[in-house]
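Notes for the one structure printed next.
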Amino acid sequence: SVTKRPVAEAAQHDKVPRPVGFVPPPPPCPGKIRHFDI
Amino acid sequence: VPAAPPAPLGCDDPESVAAAEVAVNYINGHSHHGYKFALNGIKDIRVVPQGPNNDIMFLELDLLETTCHILSPTPLENCTVRSFAEHAVEGDCDVKMQKVDGTLSVLASKCHSHADSSEDILKVCPECPLLARLNNTEVLEVVSAALNDYNSKTTDSYLRLLEIGRAKIQYHPAHTVVTEFAVGATNCSAKEAKADVGACQLLPEDQSNFGFCTAVMVKLPSQDLQVDCQLYGHQVPAPHIPLLSRVSYPTGQDTS
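Protein chains in written order, with the working numbering: chain Y, 1 to 38; chain B, 39 to 294.
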């Protein structure tokens with residue numbers, strides 16, 4: 001019989017294990033501030 | 039299997055920065071009033087492929103006013119960005135560009151500039167003088183007195199006011215008005231102007247000679263006026279910048 005796993009459990013299982021020290025890349029935008037932000 | 043779409047451009051990617059620099063040069067090159075603006079940051083960039091080696095790019099740019107008037111021949115990279123304490127002016131620009139075979143061009147730009155809020159300045163620097171409106175009576179009086187003072191002492195050409203760039207008024211420790219304004223040389227000497235100032239007209243485009251003045255008027259405790267004007271010398275004008283003809287206002291400008 002096919003049982004539907006709760007999302008949280010599925011998400012837990014499907015989560016790709018990340019290597020230790022993995023740093024997500026910075027978001028592509030907005031870019032760096034060159035002088036100051038007002 | 040169709041090739042995966044290219045990863046979206048990051049705002050700090052070299053390609054994005056190159057496009058932003060072309061856009062900033064275009065914006066400064068097509069601005070008729072005020073000061074040159076420098077790139078402070080790229081807020082967003084979106085690329086819409088049109089075909090092989092042909093992309094449309096939409097950029098959202100954050101610019102900051104520099105101390106160079108728009109007529110100054112000083113290269114932008116040598117222009118100082120006005121500091122926060124000097125009451126900075128920010129420019130928000132949306133720019134549409136095209137990149138064909140690696141060549142970037144600006145298709146359209148729309149900018150809005152506005153001074154930083156007084157609250158922000160006073161929060162960080164309670165003593166800092168704030169920008170005044172350019173049609174403030176005191177400002178107009180100081181600019182007029184300063185230009186008259188300069189013209190009464192110069193042995194060169196009689197100068198006419200092109201536009202007031204910015205002005206600040208402070209009341210402590212002394213009542214002081216600081217103004218910056220753009221001027222143009224006329225076809226009169228200062229001496230001839232004394233006889234008939236109405237005949238003194240700005241030099242024609244092919245001989246134009248613009249300049250920039252700063253004036254500091256201390257009103258109290260005793261009145262003192264300091265004026266300094268620097269003429270740029272004749273510059274080959276960019277074809278699309280008409281003569282300056284009106285005062286601009288600091289409360290934000292839209293340019294397209």
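Backbone N, C-alpha and C fix where the C-beta goes; we use that ideal spot for every residue, glycine too.
Among the options, which one has its Cα closest to the Cα of residue i?
i: proline 30/Y; options: Val162/B, Lys161/B, Val55/B, Ser246/B; result: Val55/B
i: glutamate 201/B; options: Asn63/B, Gly249/B, Glu103/B; result: Gly249/B
i: phenylalanine 219/B; options: Glu53/B, Asn92/B, Cys106/B, His150/B; result: Cys106/B
i: glycine 72/B; options: Ala41/B, Gln88/B, Val127/B; result: Val127/B
i: cysteine 166/B; options: Ile207/B, Leu199/B, Met255/B, Gln245/B; result: Ile207/B
i: valine 221/B; options: Asp93/B, Gly203/B, Ala233/B; result: Gly203/B
i: phenylalanine 36/Y; options: Lys191/B, Glu59/B, Ser121/B, Lys161/B; result: Ser121/B
i: serine 246/B; options: Asn63/B, Pro44/B, Tyr270/B, His210/B; result: Tyr270/B
i: proline 242/B; options: Asn189/B, Cys226/B, Lys191/B, Asp234/B; result: Cys226/B
i: asparagine 189/B; options: His70/B, Glu53/B, Asp82/B, Ala231/B; result: Ala231/B
i: lysine 161/B; options: Thr175/B, Ala42/B, His125/B, Asp187/B; result: His125/B
i: glutamate 59/B; options: Asn78/B, Gly236/B, Lys191/B, Gly89/B; result: Asn78/B
i: glutamate 53/B; options: His70/B, Ser69/B, Ala42/B, Asp82/B; result: Asp82/B
i: glutamate 176/B; options: Pro44/B, Asp51/B, Tyr209/B; result: Tyr209/B
i: histidine 68/B; options: Ser195/B, Asn174/B, Lys148/B; result: Lys148/B
i: alanine 237/B; options: Ser260/B, Ala42/B, Ser195/B, Ala183/B; result: Ser195/B
Using a C-beta to C-beta distance shorter than 7 Å, which residues of chain Y count as neighbours of residue i?
i: asparagine 78/B; result: Ile33, Arg34, His35
i: glutamate 128/B; result: Ile38
i: leucine 102/B; result: His35
Using a Cβ cut-off of 9 Å, pull out every chain Y residue sitting near residue i, in sequence order please.
i: alanine 59/B; result: Here residue 59/B turns out to be glutamate, not alanine, going by the sequence shown. Those within 9 Å of glutamate 59/B in chain Y number zero; the least Cβ separation is about 12 Å.
i: isoleucine 83/B; result: Pro28, Cys29, Gly31
i: glutamate 243/B; result: Simply none; closest approach about 34 Å.
i: alanine 42/B; result: The premise fails here: alanine 42/B is roughly 16 Å from chain Y at the closest Cβ pair, so nothing lies under 9 Å.
i: alanine 231/B; result: Those do not exist, as alanine 231/B stays about 42 Å from chain Y at its closest Cβ, beyond 9 Å.
i: methionine 158/B; result: It should be noted that the sequence gives aspartate, not methionine, for residue 158/B. Result: Ile38.
i: aspartate 154/B; result: Ile38
State the CB to CB distance for the pair residue i and residue j, rounded to an integer number of angstroms; the pair is presumed to be in contact (CB under 8 Å).
i: alanine 61/B; j: valine 144/B; result: 6 Å
i: isoleucine 80/B; j: cysteine 49/B; result: 4 Å
i: leucine 197/B; j: leucine 178/B; result: The Cβ separation is near 17 Å, so there is no contact.
i: asparagine 66/B; j: leucine 114/B; result: 6 Å
i: threonine 214/B; j: alanine 205/B; result: Incorrect: roughly 11 Å between the Cβ atoms, too far for contact.
i: glutamine 264/B; j: alanine 253/B; result: 7 Å
i: aspartate 154/B; j: isoleucine 38/Y; result: 4 Å
i: cysteine 251/B; j: aspartate 262/B; result: About 16 Å separates the two Cβ atoms, so there is no contact after all.
Suppose contacts are defined by Cβ-Cβ distances below 7 Å. Is residue i in contact with residue j by that definition?
i: phenylalanine 75/B; j: arginine 84/B; result: no
i: leucine 99/B; j: cysteine 131/B; result: yes
i: alanine 146/B; j: lysine 137/B; result: no
i: leucine 169/B; j: alanine 212/B; result: no
i: leucine 240/B; j: threonine 224/B; result: yes
i: leucine 57/B; j: leucine 172/B; result: The amino acid at residue 57/B is misidentified as leucine; the sequence shows alanine. For alanine 57/B and leucine 172/B, no; Cβs fall outside 7 Å.
i: alanine 123/B; j: cysteine 163/B; result: yes
i: proline 111/B; j: glutamine 273/B; result: yes
i: serine 156/B; j: glycine 129/B; result: no
i: asparagine 63/B; j: aspartate 139/B; result: no
i: proline 46/B; j: proline 28/Y; result: yes
Can you list the residues of chain Y that residue i reaches, using a CB-CB cut of under 8 Å?
i: phenylalanine 122/B; result: Phe36, Ile38
Item to check | Contact list for the segment 45-56 of chain B against chain Y, Cβ threshold 9 Å | outcome: Identification of residues in the segment 45-56 of chain B having a C-beta nearer than 9 Å to some C-beta of chain Y yields Ala45, Pro46, Leu47, Gly48, Cys49, Asp50, Asp51, Ser54, Val55, given in sequence order.
Item to check | Interface residues of the segment 239-263 of chain B facing chain Y [CB-CB below 9 Å] | outcome: Per Cβ criterion, the list is empty.
Item to check | Short-range partners of chain Y found in the segment 108-120 of chain B, where Cβ spacing is below 9 Å | outcome: Within the segment 108-120 of chain B, those residues whose Cβ lies closer than 9 Å to any Cβ of chain Y are, in chain order, Val119.
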